[in-house]
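Undergrad: Input: one structure, supplied below.
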Amino acid sequence: MGFHLDKVGYGTLINGLCKVGETKAALELLRRVDGKLVQPDVVMYNTIIDGMCKDKHVNDAFDLYSEMASKRIFPDVFTYNALISGFCIGISPNVVTYSALISGFFTVGQLKDAIDLFNKMILENIKPDVYTFNILVDGFCKDGKMKEGKTVFAMMMKQGIKPNVVTYCSLMDGYCLVKEVNKAKSILYTMSQRGVNPDIQSYNILIDGFCKIKKVDEAMNLFKEMHHKHIIPDVVTYNSLIDGLCKLGKISYALKLVDEMHDRGVPPDIITYSSILDALCKNHQVDKAIALLTKLKDQGIRPNMYTYTILIDGLCKGGRLEDAHNIFEDLLVKGYNITVNTYTVMIHGFCNKGLFDEALTLLSKMKDNSCIPDAVTYEIIIRSLFDKDENDKAEKLREMITRGLL
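Here my numbering is used: the first residue of the sequence shown is 632, the next is one more, and so on.
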């Protein structure tokens, strides 16, 4: 019998090699195990990147960082801090290097580090380009910091760097996130006046923004404008409109758009149909939702966990708890990765019927399946117990949660 190491074992070996200065050997070990023995993780990459930076092989470390990203192994704060330390003792980074690291800090939510690095870049007389400024504008806007995003935009203009469609899209997206969609719309026309042509993403951002604040008529006007400008809608465009219509209960209009998608050669996806299923369930048409789900499966469109959660919730609220539970149990048997939201919906269904023993059994099963209940899960059970005048049980459960016994 051979002796096989697991991921932790190989990680320990890589760490040990780096600590004794054998970074090259650590990299060779990573190459040997990669995809054959174990899947490397962010810790293994971080260890070698840190070792390379300490050995002043910063270019090699940066290449390894790029490899991580290409393999969808997401860097963390440690990755970026190791690279920054490396640049302090090794080579001088250029605008591309700085931009990539600034982007990384925004990705992991380290806004202060991103700004500090940008300021350091300026002090080093490395001029930021449109790509660098776009990273900053997008980072601030995604965090809802529109004032800071606009300040960076103004700085960009002052330095004679012309914003592109990506810059304007980031600003529009930011305004939509803070529900100031009319400001986002004004940017669409500003960019056109400045000679930057809006693209499909520009319109998708606005259409989704208006749909989310239930101004579907405004979204439909933009949809028509796209046609006039010969910008072809994609599945994202249609999904936003269909979801907006469904949330207003306009299911027949949504279904007409689904037909239009087929006619235009834009195949609807599970997101499209999930919006319709949700609307059907909320409008007490659960049988139609079940029929639609069956049709989708026959067409080879695989429902996801979100889709099943919609249906389970619809059945529970429609008083068909047994049907909901049957679907839930079927998902468990088939090995689906059931989310905390799905468990919570099923637990809520039991609580509404006063079936607290079943709810608590499912809560226990949830933890056995390595799905950690959240505050909403517990709150539903406690509130339901109070509603049914089971005050002692509710208080006891709350005390157990506070003491960490659940």
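Note that CB positions come from ideal geometry on N, CA and C, so glycine has one too.
Just mark I863 as buried or exposed, buried being the case when its beta carbon has 16 or more other beta carbons within 10 Å.
TA: The count along the sequence shown starts at 1 and reaches residue 863 at position 232. Exposed is the call here.
Undergrad: Spatial neighbours of I978 within its chain, please: CB distance less than 7 Å, with the 5 preceding and 5 following residues excluded, ordered by chain position.
TA: In the sequence shown, residue 978 corresponds to position 347, counting from 1. So the qualifying residues of the chain are A990, L993, L994, T1008, I1011, I1012.
Undergrad: Inspect the CB distances between the region 786–793 and the region 802–817 and report whether three or more fall short of 8 Å.
TA: no
Undergrad: Report the option in V674, R662, T654, A657 whose CA atom is closest to the CA atom of V639.
TA: Taking the sequence shown and counting its residues from 1, one reaches residue 639 at position 8. Closest option to V639, Cα to Cα, is V674.
Undergrad: Let me know if N765 comes out buried or exposed under the rule of 16 or more other beta-carbons within 10 Å of its beta-carbon.
TA: Taking the sequence shown and counting its residues from 1, one reaches residue 765 at position 134. Around the beta-carbon of N765, 16 or more other beta-carbon atoms lie within 10 Å, marking it buried.
Undergrad: On the CB-based measure, 16 or more other CB atoms within 10 Å of its CB, does P671 come out buried or exposed?
TA: Residue mapping note: residue 671 aligns to position 40 of the sequence shown, counting from 1. Burial call: buried.
Undergrad: Hey, K810 and I844: beta-carbon distance below 9 Å or not?
TA: Working through the sequence shown from its first residue, we reach residue 810 at position 179. Working through the sequence shown from its first residue, we reach residue 844 at position 213. Cβ atoms of K810 and I844: closer than 9 Å.
Undergrad: Can you check DSSP and say which residues form a bridge with D665?
TA: Along the sequence shown, read from residue 1 onward, the residue named residue 665 stands at position 34. D665 is bridged to V669.
Undergrad: Pairs of beta-carbons, one from the region 733–741 and one from the region 775–785, closer than 8 Å: are there three or more?
TA: no
Undergrad: Going by beta-carbon coordinates alone, are P1004 and T970 separated by less than 9 Å?
TA: To locate residue 1004, count along the sequence shown from 1; it is residue 373. To locate residue 970, count along the sequence shown from 1; it is residue 339. Taking 9 Å as the Cβ cut-off, P1004 and T970 do not qualify as a contacting pair.
Undergrad: Is it true that the CB of I704 sits closer than 9 Å to the CB of Y676?
TA: Against the sequence shown, residue 676 aligns to sequence position 45. Against the sequence shown, residue 704 aligns to sequence position 73. Yes, the Cβ-Cβ distance between Y676 and I704 is below 9 Å.
Undergrad: Would you kindly work out how many angstroms separate the C-alpha atoms of L886 and G931, rounded to a whole number?
TA: On the sequence shown, residue 886 is found 255 positions in, with the first residue counted as 1. On the sequence shown, residue 931 is found 300 positions in, with the first residue counted as 1. About 19 Å.
Undergrad: If you follow the alpha helix (DSSP H) that N750 is part of, which residue opens it and which one closes it?
TA: Position 119 of the sequence shown, counting from 1, holds the residue named residue 750. N750 -> alpha helix (DSSP H) spans 742–754.
Undergrad: Locate the alpha helix (DSSP H) running through D900, then write down its first and last residues.
TA: Mapped onto the sequence shown, residue 900 falls at position 269. Taken as a continuous stretch (DSSP letters only), D900 belongs to no alpha helix (DSSP H), as it is neither H nor E.
Undergrad: Is D1023 buried or exposed, if buried means 16 or more other CB atoms sit within 10 Å of its CB?
TA: Here residue 1023 corresponds to residue number 392 of the sequence shown, with the count starting at 1. Around the beta carbon of D1023, fewer than 16 other beta carbons sit within 10 angstroms, so the residue counts as exposed.
Undergrad: Counting only runs that start and end within the region 821–906, where is the alpha helix (DSSP H) found for 4 or more residues in a row?
TA: 831–843, 847–859, 866–878, 882–894
Undergrad: Give the single residue among R895, R951, L660, L767 whose Cα lies nearest to the Cα of N983.
TA: Numbered from its first residue, the sequence shown carries residue 983 at position 352. Nearest C-alpha to N983: R951.
Undergrad: What residue does the alpha helix (DSSP H) around G770 start on, and which one ends it?
TA: Numbered from its first residue, the sequence shown carries residue 770 at position 139. Note, G770: alpha helix (DSSP H), 761–773.
Undergrad: CB-CB under 6 Å to V796, same chain, minus the five flanking residues each way: which ones, in chain order?
TA: As a working mapping, residue 796 is identified with position 165 in the sequence shown. So the qualifying residues of the chain are V827, D830.
Undergrad: Rounded to whole angstroms, what is the Cα-Cα separation between A663 and A713?
TA: Indexing the sequence shown from 1 puts residue 663 at position 32. Indexing the sequence shown from 1 puts residue 713 at position 82. The sequence given here has Arg at residue 663, not Ala. Looking at the two C-alpha atoms, the distance is approximately 24 Å.
Undergrad: For a quick check, are the C-beta atoms of I958 and C912 less than 9 Å apart?
TA: As a position in the sequence shown, residue 958 is number 327, starting the count at 1. As a position in the sequence shown, residue 912 is number 281, starting the count at 1. Pairing I958 with C912 gives a Cβ-Cβ distance that is not under 9 Å.
Undergrad: If you draw a straight line from the alpha carbon of H859 to that of N852, how long is it in whole angstroms?
TA: By 1-based counting over the sequence shown, the position of residue 859 is 228. By 1-based counting over the sequence shown, the position of residue 852 is 221. Looking at the two C-alpha atoms, the distance is approximately 11 Å.
Undergrad: Could you give the DSSP three-state label for K778: helix, strand or coil?
TA: Residue 778 sits at position 147 when you count from the first residue of the sequence shown. Residue state, collapsed to three classes: helix.
Undergrad: Please report how far the alpha carbon of D637 lies from the alpha carbon of K687, in whole angstroms.
TA: Mapped onto the sequence shown, residue 637 falls at position 6. Mapped onto the sequence shown, residue 687 falls at position 56. Looking at the two C-alpha atoms, the distance is approximately 30 Å.
Undergrad: With DSSP as the reference, label E989 as helix, strand or coil.
TA: Counting from one through the sequence shown, the residue named residue 989 turns up at place 358. In the three-state reduction of the DSSP assignment, E989 falls in the helix class, which pools H, G and I.
Undergrad: Can you round the beta-carbon distance between I1038 and C877 to whole angstroms, since I take them to be within the 8 Å contact cut?
TA: As shown, the chain starts at 632 and ends at 1037. That puts residue 1038 outside it, with no answer to give.
Undergrad: With C-beta atoms as the reference, is I1077 less than 9 Å away from I907?
TA: The structure shown does not extend to residue 1077, since the chain spans only 632 to 1037, so no value can be given for it.
Undergrad: Between which two residues does the alpha helix (DSSP H) carrying C982 extend?
TA: Your numbering for residue 982 matches position 351 in the sequence shown. C982 -> alpha helix (DSSP H) spans 971–983.
Undergrad: Work out the CA separation of A850 and K965 for me, nearest whole Å.
TA: Your numbering for residue 965 matches position 334 in the sequence shown. Your numbering for residue 850 matches position 219 in the sequence shown. For K965 and A850, the distance between alpha carbons rounds to 40 Å.
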